[in-house]
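*Asks:*
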Amino acid sequence: MSPLLKSPRRLRLAGTFLQIGAMNELQYRVNFFLSLVQSVVAVSTALAVLALVFSHTDSLGGWSSDELLVVMGVYVLMGGLIRSVIQPNMQQLMTDVEQGTLDYVLTKPEDAQLLVSVRRFQIWQGVDVFVGLALIGVALVRVSEPVDIGSALGFALALVLGALDIYCFWLILTTGAFWVTRVDFIIELFDGMYQAGRWPVTIYPGWLRISFTFLVPLGFAVTVPAQALTGRLSGWLLLGAVAFTALLMAFTRWFWRCGLKNYSGASA
Amino acid sequence: MYAVVMRTAAQTQFQYRTANYAYMLGMIAEPVIYLVVWSVVARSQGGAVEGITAGEFAAYYIVWTLVRNMNIVFTPFGWEERIRTGEMSAMLVRPVHPIHYDLAFFAGWKFVVIVMWLPIAAVLVLIFRPTFDVNALEVGVFLIAIWGAYLIRSLLLWVLGMVTFWTTRVSALYELYFTAELLLSGRLLPLALLPGWAVTVSDVLPFKYTFGYPIEVLAGDLSTAELFIGLGLQAVWIAVGALLVAAVWRIGVRRYSAVGN
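Same order as they appear, the protein sequences are chains A and B.
Following this note's numbering, the numbering of the first sequence begins with 1 at its first residue and continues without gaps.
Following this note's numbering, the numbering of the second sequence begins with 1001 at its first residue and continues without gaps.
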């Protein structure tokens, strides 16, 4: 299915890249504090917004404010994952396609999709992963309904699936660079749309909900994991998420191959 | 000079229409999200929040999209680049104050933006069914107020950007500024929905004259007196902004030559 999971050797390779990335970033420790400040400001703003909305209502589309805090936690966590792992790799890929330097990746004796997906890590942006986890923790204490082991496992699985969905979505967009070259505006576009994940996709009107679930997989990336933790997730929905992710990964693989065929390199 | 720079800006930006469009579409997500959230709240509260109905929220956030586009000005983040690459030196030897160039460039760009905005607005109107109740006076005041908003935000962000003359570690400061603006300007939500003390704070800050006021001229229900008082206060903030730009520039630019030597 996925080239990422095929063999331990490939996992080791990804691990090595992660290590190099971490060492690179450790040189710039001030960035850690910058990320932390940004994260704190962003989370405080989001909390203020939540408080404002709930000063006018008791529930939003059937979610209480503490349950929405879970959604927010997952949103922040996933955002950290995107900015530290997915986005840096995809930006590097865009640059490489534009400048023709992707040649260096293609000539290496390893699967090219794997290589372009694990080359860059901005570990300081990963601060949000921990901030998100903390938010989820606080929210769960406040909801005060114990999370059973089944829900916890469902949450973990949904989170992995969601991250894979976002990765596929990004790679499909970036692969577009093989045809149109300049796709850097995608970053703006994605950042704008990702904000919609702050709220459960169930509150959006029908056509938007469908777009935010299947077109931009925010529903699977943020809402479904949050549903797992708040007792809203059925086995069927989780199964659906597995099937969707499998299909999306197969499609991404196929689309990436099409894109590669279209790549002519720097000198050609 | 303004006419030339504006024309050039309009022509240049028109060539980048795809990128401009993608940028605008990315920006549409923000008001649509707020609009959906507040519409859901309005429905759950029996149709209106603080007297604002779903249709009025729609009107508010659709006008928002135009006002937001008018409010795109030279970003304070651009200052670091200008100073680092030495672009600032070139600007210094020109015979006019560099702010005139920025004002003219972004003003010219606005004409492209407005033309491209019209179809987006049409689609949003069809989808979200806003309720508008506008008269000729409000339209007239709105057309002035959006340029007032443009000037206020340009000037204030220019002052903020000039902090770069003293230090380049400015991102935390900018974050704070933009967060205050987000919450207290009417960008995030109509100011009527803020708690009382926050409304008082927003009244004495310039932020609301760049978002909330121009939006409410068209989408809200302001009295004739309120319409004109708003314009008057915009004029006051433009004057304050201009004075600050002039003062900070005089001190800051000395710092710059010191760094350059």
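Beta carbons are placed, not taken as given, at the ideal position from N, Cα and C, and that holds for glycine.
1) Helix, strand or coil for A/LEU11 per DSSP?
2) Go ahead and label A/GLN113 buried or exposed: buried means 16 or more other beta carbons lie within 10 angstroms of its beta carbon, across all protein chains shown.
3) With 16 as the cutoff for other CB atoms within 10 Å, does A/ARG120 come out buried or exposed?
4) Using CA coordinates, which residue listed in A/GLY235, A/ASP103, A/TYR28 is at the minimum distance from A/SER151?
5) Identify which residue in B/VAL1236, B/GLU1226, B/TRP1147 has its Cα closest to the Cα of B/LEU1066.
6) Just the Cα atoms here: how many angstroms apart are B/PHE1014 and B/VAL1112?
7) Please check the pair B/TYR1209 and B/LEU1233, which I expect to be a contact at CB under 8 Å, by giving their CB distance rounded to whole angstroms.
8) Which of the three DSSP states is assigned to B/ASN1261 in this structure?
9) Within 10 angstroms of its Cβ, does B/VAL1004 collect 16 or more other Cβ (buried), or is it exposed?
10) Looking at the secondary structure, which residues open and close the alpha helix (DSSP H) in which B/GLU1175 lies?
11) Find out if the Cβ-Cβ distance for the pair A/GLY137, A/GLY80 is shorter than 9 Å.
12) Unbroken alpha helix (DSSP H) runs of length 4 or more, entirely within the segment 114 to 196 of chain A: which are they?
13) Between the segment 31 to 50 of chain A and the segment 85 to 105 of chain A, are three or more C-beta pairs nearer than 8 Å?
14) Taking the Cβ atom as the reference point for each residue, do B/VAL1040 and A/ILE203 lie within a distance shorter than 9 Å?
15) Should A/VAL141 be labelled buried (16 or more other beta-carbon atoms within 10 Å of its own) or exposed?
16) Name the residues in the segment 17 to 46 of chain A whose C-beta lies less than 7 Å from a C-beta of chain B; which are they?
17) Would you mind telling me which residues of chain A sit closer than 9 Å to B/ILE1033, beta carbon to beta carbon, in chain order?
18) Go through its chain and collect everything with a Cβ distance to A/ASP184's Cβ below 7 Å, but skip five positions before and after it.
19) Can you check whether the C-beta of B/LEU1244 is within less than 9 Å of a C-beta belonging to chain A?
20) So with CB distances below 9 Å, who are the chain A contacts of B/LEU1175?
21) For A/GLU67, which residues from the same chain have a beta carbon less than 6 Å from its beta carbon, with the 5 sequence-adjacent residues on both sides left out?
22) Give the range of the alpha helix (DSSP H) segment to which A/TRP236 is assigned.
23) Give me the Cα-Cα distance between B/PHE1077 and A/THR57, rounded to the nearest whole angstrom.
24) Which residues in chain D have a C-beta closer than 7 Å to the C-beta of B/ALA1029? List them in chain order.
25) Report the rounded CA-to-CA distance for A/LEU52 versus B/LEU1191, giving the unit in angstroms.
26) When you check each C-beta in the segment 90 to 115 of chain A against every C-beta of chain B, which residues fall closer than 7 Å?
27) Return the chain-ordered list of same chain residues with a C-beta closer than 8 Å to the C-beta of A/LEU18, the five sequence neighbours on each side being excluded.
28) Here's a check: name, in chain order, each residue in its chain whose Cβ is nearer than 7 Å to the Cβ of B/ILE1028, leaving out the five neighbours to either side.
29) Establish whether the CB of B/SER1223 and some CB of chain A are separated by less than 9 Å.
30) Can you tell me whether DSSP reads B/ILE1052 as helix, strand or coil?
31) Looking at the unbroken alpha helix (DSSP H) that takes in B/PRO1119, where does it start and where does it end?
32) Taking 9 Å as the CB-CB cut-off, is B/LEU1218 touching chain A?
33) Less than 6 Å between C-beta atoms, sequence neighbours within five positions excluded: which residues of the same chain meet that for B/GLY1108?
34) Go to A/ALA221, then tell me how far its alpha helix (DSSP H) extends in each direction, as first and last residue.
35) Should the segment 197 to 214 of chain A be regarded as contacting the segment 71 to 91 of chain A, the criterion being three or more beta carbon pairs within less than 8 Å?
*Replies:* On the basis of the coordinates in this document:
1) helix
2) buried
3) buried
4) A/GLY235
5) B/TRP1147
6) 6 Å
7) 6 Å
8) Its pLDDT being 43, under 50, B/ASN1261 is placed unreliably in this model, and the coordinates cannot settle the point.
9) exposed
10) 1171 to 1184
11) no
12) 127 to 143, 149 to 175, 177 to 180, 185 to 194
13) no
14) yes
15) exposed
16) LEU34, VAL37, GLN38, VAL41, THR45
17) GLN195, ALA196, ARG198, TRP199, TYR204
18) MET94
19) no
20) Per the sequence shown, the amino acid found at residue 1175 of chain B is Glu instead of Leu. Correct list: VAL37, GLN38, VAL41, ALA42.
21) THR230
22) 235 to 261
23) 38 Å
24) Judged by its chain identifiers, the structure shown contains no chain D, and its protein chains are A and B.
25) 11 Å
26) none
27) VAL118, PHE121
28) THR1065, ILE1120
29) no
30) strand
31) 1098 to 1128
32) no
33) MET1006, ALA1009, ALA1010
34) Taken as a continuous stretch (DSSP letters only), A/ALA221 belongs to no alpha helix (DSSP H), as it is neither H nor E.
35) yes
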